[in-house]
Each structure stands twice: as C-alpha cells, then as structure tokens.
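Quick note: the sequence shown uses the working numbering, first residue 124, plus one each step. We put the CB at the ideal spot given by N, CA and C, even for glycine.
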Amino acid sequence: MKRLIFFLFIATNIFLLISCDDQVDPKTDFKDVYALNCVIRGDTSFQVATITHSYNVEGYDPLTNTNDPFIKGAIIKLTYDANGKTYIFRDTSIARPADSRYTTPLSFYYIKNFQPKSESTISIEATLPNGKILRANSTTFFISPYVIQNNQYSIPIAVFGNYLVFNWTNLTSTKDEKIYYVPELFIKYAKIQNGSQVEMQKKIPLFYISGADGDVPLYPSIQANITNARFDTTIIRKSLEEISAGDPNKQNYIIHKAVFRLLIADKNLAVYYAAQKTFLDEFSVRVTQPEFTNINGGLGIFGTLTSTQIDIPIKENFIRSFGYLPN
C-alpha cells in the first residue's frame with residue numbers, strides 16, 4: 124500500500140508546482156493544464172493511473188488550496204499490442220493518511236487483471252469529462268526471475284576481493300530501445316517498539332562522501348545496458364551499524380536478511396526518473412519540478428517498470444557481532 128500511496132502523490136505534487144510563485148510574474152492568466160500519470164508494472168497485475176489538473180488560489184501560496192485536483196469521470200483505455208486487447212480503467216478511492224493535505228478520500232483509476240508478459244508497444248488514452256484527450260505510448264519488457272546471479276553467497280563473505288557482486292544478463296530490445304537498470308541492495312529487519320515488532324528496511328549505498336554535516340550516502344543511479352552491481356562489504360557493515368545508531372539497546376533489532384532487487388525501466392520513465400534526481404522506497408518518484416513529460420496534450424508520465432529480486436542470507440555470528448538478534 125505504501126508504494127501505491129507514494130505513486131498517487133506524483134500527480135498532486137506536479138500541480139503544487141504549477142500553482143507556485145513564478146520568479147518574474149507570480150500571477151499570470153490562469154490556464155487549465157491536465158496531467159496523466161501511469162506507470163505500468165511488470166511485477167504485478169494491479170495497475171494505477173491518476174489524472175489531475177492545475178488550480179488557482181487567492182494570493183501566492185498554493186498550499187491554501189483545499190480542493191483535491193483529481194479529475195473524476197474520465198475514460199482511460201490501455202491498449203497492449205502483444206495480445207491486441209484494450210483494457211478499461213475503473214475508478215475507486217481509499218482513505219488518506221491522517222497527515223494528508225486534503226480531507227477527502229484519495230481517488231485513483233485502476234486495472235486489476237493486466238500484467239505485461241513480453242516486449243510490446245503499449246499505449247494509453249484518457250478522455251476527460253470536458254472532451255479533452257491525453258495520449259501516450261511506451262514499451263513493456265519482460266525479465267526472468269532467474270536473471271540475477273551471485274552464486275547465493277552470504278554476507279559477510281566477500282566476492283572478488285571486498286565486494287559483493289551481482290551479475291545479470293543485459294536485455295535487448297527488438298525495437299532498438301535502450302533498457303535502463305537500477306540495482307538496489309537493502310537489509311530487511313524488525314525493531315521492537317512498545318513490545319511489538321515493526322518491520323523496516325535499510326538501503327545500502329554504493330559509498331559515502333564526507334560532507335560538512337557528516338557522511339552522505341550515494342546510491343546506484345539509473346543506467347542503460349549495465350550488467351552488474353558491486354557493493355563494498357565495508358559499506359554493508361557501516362549500514363548495519365547505522366540501523367541502531369544512538370540506541371544502546373541493540374537487542375531490540377532483529378535482522379532478517381539482505382535483498383538484492385533489480386528495477387528495469389523504459390526510456391520515458393528513465394528520463395523522468397533521472398530528471399527528478401531522487402528515489403523513494405519501492406521506486407516511487409517525488410516530483411520537484413515538471414521537467415519532462417511524454418503525455419500528448421498535457422503533463423505527466425506514462426512509462427513501464429518491472430523488477431526481480433533475490434534473497435541474500437546474513438550469517439548469524441555476523442549479526443550477533445553488532446549486538447543484534449538473528450531472525
């Protein structure tokens with residue numbers, strides 16, 4: 124659900140910016156602008172889309188707006204060339220988080236029975252209640268769950284010196300399109316709080332850079348046509364130490380395992396992803412400015428994303444060396 128909530132906030136954030144102050148002329152003639160956002164996932168059959176619009180406020184503070192800019196009543200069609208079928212999104216809503224800006228339910232469109240299984244052109248078309256049409260195209264890719272190789276080494280065993288190395292087969296596109304990868308390594312663990320176990324995870328950076336306020340972690344970026352990822356075992360150790368930083372009660376932490384995940388995106392999503400220069404958990408995107416769109420007739424993003432992952436065991440004696448408990 125966290126992945127879905129983050130994803131649905133993409134559209135809302137875009138239009139916070141559209142209504143923001145302009146450096147030269149804070150208020151100009153208001154224009155209706157619409158944004159369609161949809162990322163087709165290859166690792167689930169539940170697909171989500173949102174449509175929002177720009178809004179005007181009195182004064183210059185966009186946060187004074189109290190009306191959700193979500194557009195209801197649109198007809199959204201998804202066409203998948205691989206099987207020649209067209210799917211129609213349905214609309215629904217869920218309760219918002221308690222700290223949400225809006226008080227009305229969180230609305231979105233969805234398909235619950237579509238999962239791309241091969242490389243193919245895919246297109247989306249949204250017809251708004253006022254007759255305006257938003258369109259976009261993308262390409263789906265399929266990745267085998269067995270594509271990643273690391274010979275099931277466990278942490279802290281070092282591979283090729285002081286690195287834990289993951290290899291995978293570079294995918295190729297029959298449409299001569301580049302395929303983009305984001306490798307991730309993270310630790311799954313639980314923290315005991317008020318007698319209950321709270322599940323958490325810690326993402327492992329590639330390395331740290333010393334800054335004025337301490338070490339700054341740098342994580343793998345999105346790249347095309349790469350075939351491996353290397354994580355320094357000393358960085359893994361440092362990240363494990365950070366899990367309980369400042370907490371003397373180390374036995375409140377239960378370490379489950381490490382997980383290596385490989386995300387694969389099409390060009391549209393990759394450009395959008397890189398333009399924002401930020402990642403959130405579960406590959407959700409926080410919009411800082413609408414620099415890129417592939418939506419014909421408006422703003423937003425239509426792209427494809429899939430993922431696969433493998434578990435990496437962590438040795439019990441290594442876990443206990445930090446004062447933590449093994450799973």
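| query | result |
| --- | --- |
| Three-state secondary structure (DSSP) at ASN290? | strand |
| What three-state label does DSSP hand TYR396 in the structure shown? | helix |
| Could you check which residue in SER296, GLY334, ASN351 has the C-alpha nearest to that of LEU308? | ASN351 |
| Run through the DSSP bridge pairs and tell me what VAL156 is partnered with. | None; VAL156 has no bridge partner. |
| Would the beta-carbon of TYR303 fall within 8 Å of that of ALA197? | no |
| Our contact map puts LEU201 next to ILE247 with C-beta atoms below 8 Å; I'd like the distance itself, whole angstroms only. | 5 Å |
| VAL162: buried (16+ other C-beta within 10 angstroms of its C-beta) or exposed? | buried |
| Decide yes or no for the touch test of the region 167–181 against the region 231–243: beta carbon pairs closer than 8 Å, at least 3 of them. | yes |
| Under three-state DSSP, which class holds ILE442? | helix |
| Three or more beta-carbon pairs under 8 Å between the region 371–378 and the region 308–318, yes or no? | yes |
| Excluding the 5 residues preceding and the 5 following PHE265 in the sequence, name in chain order all residues of the same chain whose CB lies nearer than 8 Å to its CB. | GLY165, PRO239, LYS240, SER241, GLU242, THR429 |
| Buried or exposed, going by whether 16 or more other CB atoms sit within 10 Å of the CB of SER319? | exposed |
| Would DSSP call ARG219 helix, strand or coil? | coil |
| State buried or exposed for ILE332, treating a residue as buried only when at least 16 other CB atoms are found within 10 Å of its CB. | exposed |
| Quick check on ARG224: does DSSP put it in helix, strand or coil? | coil |
| Tell me, to the nearest whole angstrom, how far the beta carbon of PHE441 is from that of PHE383; I am working on the premise that it is less than 8 Å. | That belief does not hold up - the Cβ atoms of PHE441 and PHE383 are roughly 17 Å apart, past 8 Å. |
| Taking all protein chains shown into account, do 16 or more other C-beta atoms lie within 10 angstroms of the C-beta of ASN391, making it buried, or fewer, making it exposed? | buried |
| Name the two residues that bound the continuous beta strand (DSSP E) containing LEU386. | 376–388 |
| Taking the C-alpha atoms as reference points, what is the distance between ILE245 and LYS208? | 10 Å |
| Using alpha carbons as the reference points, say which of ASP355, TYR157, ILE435 lies closest to LEU251. | TYR157 |
| As a quick exercise: from THR263, LYS154, ASP204, TYR286, pick the residue whose alpha carbon is nearest that of THR167. | THR263 |
| Could you pull out every residue in the same chain whose Cβ sits closer than 7 Å to the Cβ of ILE445, ignoring the five residues on either side in sequence? | For the record, residue 445 in the displayed sequence is Phe; it is not Ile. Correct list, in chain order: LEU363, GLU364, LYS373. |
| Where does ARG409 land, buried or exposed, given buried means 16+ other C-beta within 10 angstroms? | For ARG409, the pLDDT reaches just 44, beneath the cut-off of 50, and the residue's location in the model is therefore unreliable, although a value from the coordinates is still provided. Label assigned to ARG409: exposed. |
| Give the straight-line distance between the Cα atoms of TYR286 and SER177, rounded to the nearest whole angstrom. | 48 Å |
| What number of angstroms, rounded off, separates the C-alpha of ARG224 from the C-alpha of ASP155? | 22 Å |
| When you compare only the Cα positions, how much space is there between ASP338 and ALA249? | 46 Å |
| Provide the residue(s) that pair with THR431 in DSSP beta bridges, ordered along the chain. | LEU385 |
| Less than 8 Å between the beta carbons of ILE160 and ILE345, yes or no? | Ile is not the amino acid found at residue 160; the sequence shown has Asn there. Contact: no. |
| Could you give the uninterrupted runs of the beta strand (DSSP E) lying entirely in the region 190–216, keeping only those of 3 residues or more? | 198–203, 208–211 |
| For ASN293, which residues from the same chain have a beta carbon less than 7 Å from its beta carbon, with the 5 sequence-adjacent residues on both sides left out? | ASN348, THR350 |
| Tell me which same chain residues have a C-beta within less than 7 Å of the C-beta of ILE437, skipping the five on either side of it? | SER277, ILE278, ILE378, LYS380, ALA381 |
| Buried or exposed for PRO228, going by 16 or more other Cβ atoms inside 10 Å? | exposed |
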